[in-house]
Amino acid sequence: MDRTSPTAPAAARGPIELAEARLRWLDRRQEVLSRNIANADTPNYRARDLTPFAAQLARARGADGLARTDPRHLAGGGNAPGTRPDRATEVSPDGNAVSLDEQAIKVADTDTAHALAMSLHRRWTGMFRTALGRNG
Amino acid sequence: MDMDRALRISAAGMAAQSTRLRVVAENLANRDSTGGAPGADPYRRRTVTFANQLDRATGAQTVNVSRIGQAQGDFPKRFDPSHPAADAQGYVKTPNVDSLIEVMDMREAQRSYSANLSVLEATRGMLTRTIEALR
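Quick mapping for you: the protein sequence lines, in order, are chains X and S.
When the first sequence is numbered by the working numbering, its final residue is 136 and no position is left out of the sequence of numbers.
When the second sequence is numbered by the working numbering, its final residue is 135 and no position is left out of the sequence of numbers.
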């Protein structure tokens, strides 16, 4: 949105890169969600959310947007990590459109996804550890 | 790191909600604070307004209390000629505090506070898991 952060997964290759990109995305999402919940009583505040991970991943892999065939080409705005306004389910009289229960579900979702990505990362590095004979 | 920012935002949200609770307590405590001189105005109900704010140190969009204002509205009058604040007709102006509204405000502040607290706990869980990956 306002700053370029490393959220955009840079063409994740292996499972570790993929897990790391996912973790970065989840980190960022947790920040956005906590901002929504902190502003649950701020007048005229609209809840925001990140663009889905799959969409960001596809964009980083160049599934859409312009291909850069020369290093001097400008990077398009294509892989900027975007937040977008949530669709408003209910708007209170003061113009606030944060639904606490919806945000709570998203926080729980982010938490679960984080645990999954983290254990994927652990398992994969565990395989290297096994190969090195230093298991335990 | 984004999770630090998430923790900070939740903490700011909790601080803002506690300010709101403080104002509710002020309103309820002053429910019977009338004026001292004849015809004087009693306590006026106070209100809290939140605003989205950029924390320049971390670049996080936090929340804070932008204004503690005073509620408009007429003061209800009560007939009590012996009261020191009674006007010529014997009426005393009482504060425009409605305890039902205050209790509702209190519940909402409580709900928002615990929502922020749950996010804080979820974020802390994520952080702990990340730290455990180092082991």
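For each residue, glycine too, the CB sits at the ideal point set by N, CA and C.
Whole-angstrom distance between residue j and residue i, CA atom to CA atom
i, j, result
"G59(S)", "H121(X)", "29 Å"
"L54(S)", "T112(X)", "29 Å"
"Y45(X)", "V98(X)", "7 Å"
"N79(X)", "W25(X)", "Because N79(X) carries a pLDDT of 41, less than 50, the predicted location of this residue cannot be relied on, and no value is offered for it."
"L127(S)", "A37(S)", "59 Å"
"Y113(S)", "R56(S)", "24 Å"
"A88(S)", "G73(S)", "22 Å"
"R60(X)", "N30(S)", "According to the sequence displayed, residue 60(X) carries Ala and not Arg. Rounded to the nearest angstrom, the two C-alpha atoms are 59 Å apart."
"L134(S)", "A25(S)", "46 Å"
"R124(S)", "V91(X)", "30 Å"
"A19(X)", "F128(X)", "16 Å"
"G90(S)", "P42(S)", "15 Å"
For residue i, the nearest candidate out of the options (CA to CA)
i, options, result
"G13(S)", "N96(S), T62(S) and G125(S)", "T62(S)"
"A40(S)", "E26(S), A6(S), E132(S) and T94(S)", "T94(S)"
"N27(S)", "R45(S), P81(S), M3(S) and T19(S)", "R45(S)"
"H83(S)", "A11(S), A115(S) and T34(S)", "T34(S)"
"I105(X)", "T19(S), A71(S) and S118(S)", "S118(S)"
"D4(S)", "D27(X), E90(X), R87(X) and P43(X)", "D27(X)"
"D94(X)", "A19(X), A108(X), T42(X) and V32(X)", "T42(X)"
"R20(S)", "Y43(S), P81(S), A85(S) and E108(S)", "E108(S)"
"S18(S)", "I131(S), T130(S), R111(S) and A86(S)", "R111(S)"
"G82(X)", "H114(X), F53(X) and P71(X)", "F53(X)"
"V23(S)", "V97(S), D2(S) and I131(S)", "V97(S)"
Residue i and residue j closer than 8 Å at C-beta
i, j, result
"I16(X)", "Q103(X)", "no"
"Q30(X)", "T110(X)", "yes"
"S10(S)", "L100(S)", "no"
"A180(X)", "L50(X)", "Here chain X comprises residues numbered 1 to 136, so residue 180(X) is not present and cannot be evaluated."
"A40(X)", "L132(X)", "no"
"S119(X)", "A6(S)", "no"
"P137(X)", "R48(X)", "Because chain X is modelled from 1 through 136, residue 137(X) falls outside the range shown and cannot be assessed."
"A16(S)", "V107(X)", "no"
"R129(S)", "A21(X)", "no"
- Item | the stretch 67–86 of chain S / the stretch 103–116 of chain S touching (three or more Cβ pairs under 8 Å) | no
- What residues from the stretch 101–114 of chain X come within 8 Å of chain S, judged by C-beta to C-beta, listed N to C? Q103, A104, V107, A108, T110, D111 and H114
- Message: When you compare the stretch 39–49 of chain S with the stretch 65–73 of chain S, are there three or more beta-carbon pairs, one atom per stretch, that lie closer than 8 Å?
- Response: yes
- Members of the stretch 115–132 of chain S that neighbour chain X once the beta carbon cut-off is set at 9 Å: A115, N116, S118, V119, L120, A122, T123, G125, M126, R129, T130 and E132
- Item | Cβ-based contacts, 8 Å cut-off: residues of the stretch 30–50 of chain S near chain X | T49 and F50
- Item | the stretch 25–58 of chain X: positions lying closer than 8 Å to chain S by Cβ | Cβ contacts with chain S come from L26, D27, R28, Q30, E31, L33, S34, R35, I37, A38, N39, A40, D41, T42, P43 and Y45.
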